[in-house]
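Protein sequence lines, in the order shown, are assigned to chains A and B.
One rule links them: number in the working numbering = place in the first sequence (from 1) + 413.
One rule links them: number in the working numbering = place in the second sequence (from 1) + 413.
Heads up: the structure comes next, in structure tokens.
Number of protein chains: 2
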Amino acid sequence: MPTKYPGDADEVRALNAYICLLRATESLLARSSQNFRGSKLTASQFAMLECLLFQGPMKPSELAGKMLKSGGNITMVIDNLEKRKLVQRTPHASDRRAIIISLTAAGNKLIESLMPPQVACIKDQMAVLTAGELETLRELTRRLGTAQ
Amino acid sequence: MPTKYPGDADEVRALNAYICLLRATESLLARSSQNFRGSKLTASQFAMLECLLFQGPMKPSELAGKMLKSGGNITMVIDNLEKRKLVQRTPHASDRRAIIISLTAAGNKLIESLMPPQVACIKDQMAVLTAGELETLRELTRRLGTAQ
DNA sequence: ATATAATAATTTAACATTAAAGTATCCAAA
DNA sequence: TTTGGATACTTTAATGTTAAATTATTATAT
Numbered sequence: 414m415p416t417k418y419p420g421d422a423d424e425v426r427a428l429n430a431y432i433c434l435l436r437a438t439e440s441l442l443a444r445s446s447q448n449f450r451g452s453k454l455t456a457s458q459f460a461m462l463e464c465l466l467f468q469g470p471m472k473p474s475e476l477a478g479k480m481l482k483s484g485g486n487i488t489m490v491i492d493n494l495e496k497r498k499l500v501q502r503t504p505h506a507s508d509r510r511a512i513i514i515s516l517t518a519a520g521n522k523l524i525e526s527l528m529p530p531q532v533a534c535i536k537d538q539m540a541v542l543t544a545g546e547l548e549t550l551r552e553l554t555r556r557l558g559t560a561q
Numbered sequence: 414m415p416t417k418y419p420g421d422a423d424e425v426r427a428l429n430a431y432i433c434l435l436r437a438t439e440s441l442l443a444r445s446s447q448n449f450r451g452s453k454l455t456a457s458q459f460a461m462l463e464c465l466l467f468q469g470p471m472k473p474s475e476l477a478g479k480m481l482k483s484g485g486n487i488t489m490v491i492d493n494l495e496k497r498k499l500v501q502r503t504p505h506a507s508d509r510r511a512i513i514i515s516l517t518a519a520g521n522k523l524i525e526s527l528m529p530p531q532v533a534c535i536k537d538q539m540a541v542l543t544a545g546e547l548e549t550l551r552e553l554t555r556r557l558g559t560a561q
């Protein structure tokens, strides 16, 4: 947002890169979300179904860790997906505190049908960059993502 | 999230860059938000104060456009900042449908005190990249942000 | 064995977010 | 000038989000 913060060259360079990075992410997320909007899924619901598809059944606390969301939030997203019978809660085999969240057949079918268009959408959007540029972007953002 | 989507080389390259991009943004936002958490401001509240500081008083619809949020959302963020007397609503001079949002003296003082640490935080985080890498990142994300 | 601490999920309260509907005002064409 | 459409903001309903408190269970230390 701060397009005209008065700073030295280092600050301006950092802020400009930061702003472009945030806007690119906003733009990508906005366009990608069109793919599941028709299925009346929110971004969080889609992310949870995707996570369960690729990584299998897991506990809510594990979903929270992978999705970087709070536990209370995960409970609500599970609730709303469970209402639509896309996921189900099962008691944990050995720990009575815990439960296991898994895709139902309907949930599995839905997310499997949504993934190919989603991947194609991301691929299309990233196609404004060359293969080499994508590798560069990956490396630069990889380092930023783990920066202190 | 999909670290192991089975696709061709182009898809894998696009997805890897996409995932790193999203994670870098999440990471940057999470760390930057620590700067205003102590002032009990949310990210949206901080963004609105910042927008008003650098771009001056404006209408809610203009704030919505610049912050890329819905009008209904802007109304609520204004409400919550107004309760704390950090911003104020003033009737528009010539259009009785419209209002002008501006910083109060307290709001101006608060956001001015928060900006230098915020900029320093962003600069520090971006400092894992060289000046040239920052320019590259800016150019690549600039193109992604406007991609169709 | 029992008390204490840690873990797992949920609930609650406050704020965020969007879409859609509602209200008031402005503008322009007939 | 009046009617219709566009604009500006607000309200409402549903979901998301976090932090903090709550409940239940497990694990650990004495």
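Cβ coordinates follow ideal geometry from the N, Cα and C atoms, glycine included.
Nothing here was measured: the structure is a model prediction, and the numbers come from that model.
Listed in chain order, the non-local C-beta contacts of residue 541 of chain B below 8 Å within the same chain number zero, local neighbours out to five positions each way being set aside. Between residue 426 of chain B and residue 558 of chain A, the C-beta gap is not smaller than 8 Å, which leaves the two residues out of contact. Comparing C-alpha distances from residue 423 of chain B to each of A/556, A/537, A/554 shows the shortest one belongs to A/537. If you look at residue 515 of chain A, you'll find it in the beta strand (DSSP E) that goes 512-516. Taking a C-beta distance under 8 Å as the contact criterion, residue 524 of chain B and residue 481 of chain B do not qualify as a contact pair.
For the pair residue 443 of chain A and residue 551 of chain B, the CB atoms are not nearer than the 8 Å cut-off. Less than 8 Å separates the beta-carbon of residue 458 of chain A from that of residue 494 of chain A.
Within the same chain, and ignoring the five residues on either side of residue 477 of chain B in sequence, the residues whose Cβ sits closer than 8 Å to its Cβ are 483, 484, 486, 487. The Cβ atoms of residue 496 of chain A and residue 517 of chain A lie no closer than 8 Å to each other.
Contact of residue 420 of chain A with chain B by beta-carbon distance below 7 Å involves 532. For residue 549 of chain A, the chain B residues whose Cβ falls inside 8 Å of its Cβ are 549, 553, in order along the chain. Here residue 554 of chain A is buried, its C-beta having at least 16 other C-beta atoms within 10 Å. Here DSSP, grouped into helix, strand and coil, assigns residue 500 of chain A to strand. Taking 8 Å as the CB threshold, residue 541 of chain B lines the interface with chain A. For the C-beta of residue 546 of chain A, the chain B residues within less than 8 Å are, from N- to C-terminus, 553. Counting along the chain, the unbroken alpha helix (DSSP H) around residue 445 of chain B starts and ends at 422-445.
Taking 9 Å as the cut-off between beta carbons, none of the residues of the stretch 500-524 of chain B comes near chain A.
The beta carbon of residue 536 of chain B sits closer than 8 Å to some beta carbon of chain A. When 7 Å is used as the limit between beta carbons, residue 438 of chain B is near these residues of chain A: 434, 435, 438, in chain order.
Residue 446 of chain B sits away from residue 535 of chain B, with the two beta carbons spaced by 8 Å or more.
Residue 512 of chain B and residue 504 of chain B have their C-alpha atoms spaced approximately 5 Å apart. When rounded, the separation of the alpha-carbon atoms in residue 433 of chain A and residue 544 of chain A is 20 Å. In this structure residue 529 of chain B is exposed. Its beta-carbon is surrounded by fewer than 16 other beta-carbon atoms within 10 angstroms. Using a Cβ-Cβ cut-off of 8 Å, residue 557 of chain B counts as an interface residue toward chain A, since at least one Cβ of chain A sits closer than that to its own.
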